[in-house]
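J.:
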Amino acid sequence: MDRVRENRKLQTYWRCSNVMAIDRMGYTDHGPTHVKIVANFSLKLLRILVEKKLITPSIVENYGMTTDDAEVVVVLGSILHDLGMIVQRREHEKYSAFLALSVLESLLSPIYSEEQRAIITSEVLHAIVAHEEPVGNKPTNRVLTKEAGIVGIADALDMEAGRARIPFQSGKVDIHAVSALSIEKVDIEVTENAPKPITIKIKMSNSAGVFQIDELLKPRIVKSGLEKFFHVTAEITGEKETRIIEKFEI
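Just remember that our numbering sits 403 ahead of the position in the sequence shown, which is counted from 1.
1) By DSSP, does Asp432 sit in helix, in strand, or in coil?
2) Return the chain-ordered list of same chain residues with a C-beta closer than 6 Å to the C-beta of Ser445, the five sequence neighbours on each side being excluded.
3) Taking Val407 as part of the alpha helix (DSSP H), name the residues at either end of that continuous run.
4) Quick one: is Leu504 buried, meaning 16 or more other Cβ sit within 10 Å of its Cβ, or exposed?
5) Between the C-alpha atoms of Pro407 and Asp485, what's the straight-line distance to the nearest angstrom?
6) Is Leu449 closer than 8 Å to Ala655 when the C-beta atoms are compared?
7) How many Å lie between Val422 and Val438 at the Cα?
8) Nearest by alpha-carbon distance to Ile440: which of Glu464, Ala551, Ala559 is it?
9) According to DSSP, simplified to helix, strand and coil, what is Lys549?
10) Evaluate Glu454 with the Cβ neighbour count: other Cβ atoms within 10 Å of its Cβ, from every protein chain shown; 16 or more gives buried, anything less gives exposed.
11) Using a Cβ distance threshold of 8 Å, determine whether the segment 609 to 625 contacts the segment 593 to 601, with at least three qualifying pairs required.
12) List the DSSP bridge partners of Lys606.
13) Secondary structure at Val593, three-state DSSP: helix, strand or coil?
14) In this structure, how does DSSP classify Ile451 when only helix, strand and coil are distinguished?
15) Quick test of the definition: if touching needs 3 or more C-beta pairs under 8 Å, does the segment 489 to 496 touch the segment 509 to 517?
16) For Ser573, which residues from the same chain have a beta carbon less than 7 Å from its beta carbon, with the 5 sequence-adjacent residues on both sides left out?
17) Please identify the residue among Ile639, Val546, Ala442 whose C-alpha is closest to the C-alpha of Leu584.
18) Quick one: what's Phe633 bridged to in DSSP?
19) Might you give, ordered along the chain, the residues of its own chain that have their beta carbon closer than 7 Å to the beta carbon of Arg418, omitting 5 neighbours on each side?
20) Compare the C-alpha of Lys606 against each of Ile489, Lys412, Pro622, Ser582 and name the closest.
21) Given a cut-off of 8 Å, decide if Asn544 and Val532 are closer than it, judged by their beta-carbon atoms.
22) Using the Cβ count rule (16 or more neighbours within 10 Å means buried), how would you classify Phe632?
23) Compute the distance between the beta-carbons of Ile458 and Ile522, then report whether it is under 8 Å.
24) May I have the straight-line CA-CA distance separating Thr436 from Asp405, to the nearest angstrom?
25) Pick out the complete alpha helix (DSSP H) segments inside the segment 435 to 511, 4 residues or longer, and give them in chain order.
26) For Phe651 and Ser608, what's the separation of their Cα atoms in angstroms?
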């Protein structure tokens, strides 16, 4: 991670992502805070799935590399998946893959051989391009590795209220902002000997948060190829729902 912190190009790309996403488009955070949260979720999910012997990472299964290398893939896929936001929101995952190439070379070259770099780069680029959820009838890129499925789920798990606070306070009132502000806490728990051993527990202040779960998280889990391992629960905290907006007009 020291190499990531010291990479000025990457740090600047993250800054540019938030200028485009927050300042120009009124979207949620797509910069360093978001990608660090996604990377932490990705690592946690991968380690649970591997330690419980639920999966063999694709880079291990297909290339004979190690679980440590799988961790590198999910972390790099997580921190690079939204770079394309500096270009455009639509199909940003494709721009992200293009922009990630030079960053990957600089991060991996002191550590891995040329062949290993090529393999890890290919796996990271796939995770980046495959991370987006289906939207209506829009075709999406298939998830073909365990690592890519994990990154996609982890991205959707960054749904707590803090991520939406800036666009909401600046006047953006839509279902995305309101539903995100309804999410208070996201936790991952492991249940031994359960049909679906990984439980994602979501605490909400308002039932609008169901949108985040049903429209954003659920499609990622279904698309991931890992659906059989995940159980999602959501509950409203407190006796009454929190009022998020006073009035809505169009």
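Cβ coordinates follow ideal geometry from the N, Cα and C atoms, glycine included. Please read all numbers here as calculations on a predicted model, not as lab measurements.
T.: If we stick to the structure as given:
1) On the sequence shown, residue 432 is found 29 positions in, with the first residue counted as 1. In this structure, DSSP gives Asp432 a state outside helix and strand, which the three-state scheme calls coil.
2) Residue mapping note: residue 445 aligns to position 42 of the sequence shown, counting from 1. Cβ within range, chain order: Val477, Ser481, Ile553, Val554, Ala557.
3) For the purposes of this step, residue 407 is taken as the residue at position 4 of the sequence shown. For Val407, the enclosing alpha helix (DSSP H) starts and ends at 405 to 409.
4) If you number the sequence shown from 1, residue 504 lands on position 101. Classification of Leu504: exposed, given that the 10 Å Cβ count is below 16.
5) Residue numbering aside, residue 407 sits at position 4 when the sequence shown is read from its first letter. Residue numbering aside, residue 485 sits at position 82 when the sequence shown is read from its first letter. A small fix is needed here, since residue 407 is Val in this sequence, not Pro. Taking the straight line joining both Cα atoms gives about 15 Å.
6) Examination of residue 655 is not possible in this model, given that the chain is present from 404 through 653 alone.
7) For this step, residue 422 is matched to residue 19 along the sequence shown. For this step, residue 438 is matched to residue 35 along the sequence shown. So the two alpha carbons sit approximately 15 Å from each other.
8) As a position in the sequence shown, residue 440 is number 37, starting the count at 1. Taking the Cα of Ile440 as reference, the smallest distance to any Cα among Glu464, Ala551, Ala559 is reached at Ala559.
9) Position 146 of the sequence shown, counted from the first residue, corresponds to residue 549. Helix at Lys549.
10) Position 51 of the sequence shown, counted from the first residue, corresponds to residue 454. Burial call: exposed.
11) no
12) In the sequence shown, counting from the first residue as 1, residue 606 sits at position 203. Answer is Lys588, Glu638, bridged to Lys606.
13) Translated into positions along the sequence shown, residue 593 becomes position 190. In the structure shown, Val593 sits in a strand (DSSP, three-state: E or B).
14) Mapped onto the sequence shown, residue 451 falls at position 48. DSSP places Ile451 in helix when its eight states are reduced to three.
15) Counting Cβ pairs under 8 Å, fewer than three are found: no touch.
16) Along the sequence shown, read from residue 1 onward, the residue named residue 573 stands at position 170. Reliability of the predicted coordinates at Ser573 is poor, the pLDDT of 49 falling under 50, and the value obtained from them is presented with this limitation in mind. Taken in chain order, the residues that qualify are Gly429.
17) Sequence index remark: in the sequence shown, residue 584 carries index 181 (1-based). Of the listed residues, the one whose Cα sits closest to Leu584 is Ile639.
18) One-based indexing of the sequence shown puts residue 633 at position 230. DSSP output for Phe633 lists Ile601 as bridge partner(s).
19) Indexing the sequence shown from 1 puts residue 418 at position 15. Once the five neighbours on either side are set aside, the close Cβ partners of Arg418 are Gly434.
20) Walking along the sequence shown from the start, residue 606 turns up at place 203. Lys606 has its Cα closest to that of Ser582, out of Ile489, Lys412, Pro622, Ser582.
21) Position 129 of the sequence shown, counted from the start, is the residue given in the question as residue 532. Position 141 of the sequence shown, counted from the start, is the residue given in the question as residue 544. Yes; because the gap between Cβ atoms is below 8 Å, this pair is in contact.
22) For the purposes of this step, residue 632 is taken as residue 229 along the sequence shown, with counting starting at 1. Its Cβ being crowded by 16 or more others within 10 Å, Phe632 is buried.
23) Counting from 1 along the sequence shown, the entry for residue 458 is found at position 55. Counting from 1 along the sequence shown, the entry for residue 522 is found at position 119. The answer is no: Cβ separation not under 8 Å.
24) Counting from one through the sequence shown, the residue named residue 436 turns up at place 33. Counting from one through the sequence shown, the residue named residue 405 turns up at place 2. Distance from the CA of Thr436 to the CA of Asp405, rounded to the nearest whole angstrom, comes to 16 Å.
25) Complete alpha helix (DSSP H) runs here, min 4: 435 to 454, 461 to 466, 470 to 483, 495 to 511.
26) Here residue 651 corresponds to residue number 248 of the sequence shown, with the count starting at 1. Here residue 608 corresponds to residue number 205 of the sequence shown, with the count starting at 1. Here the model assigns Phe651 a pLDDT of 36, short of 50, so the residue's position is not dependable, and the following value carries that caveat. Looking at the two C-alpha atoms, the distance is approximately 19 Å.
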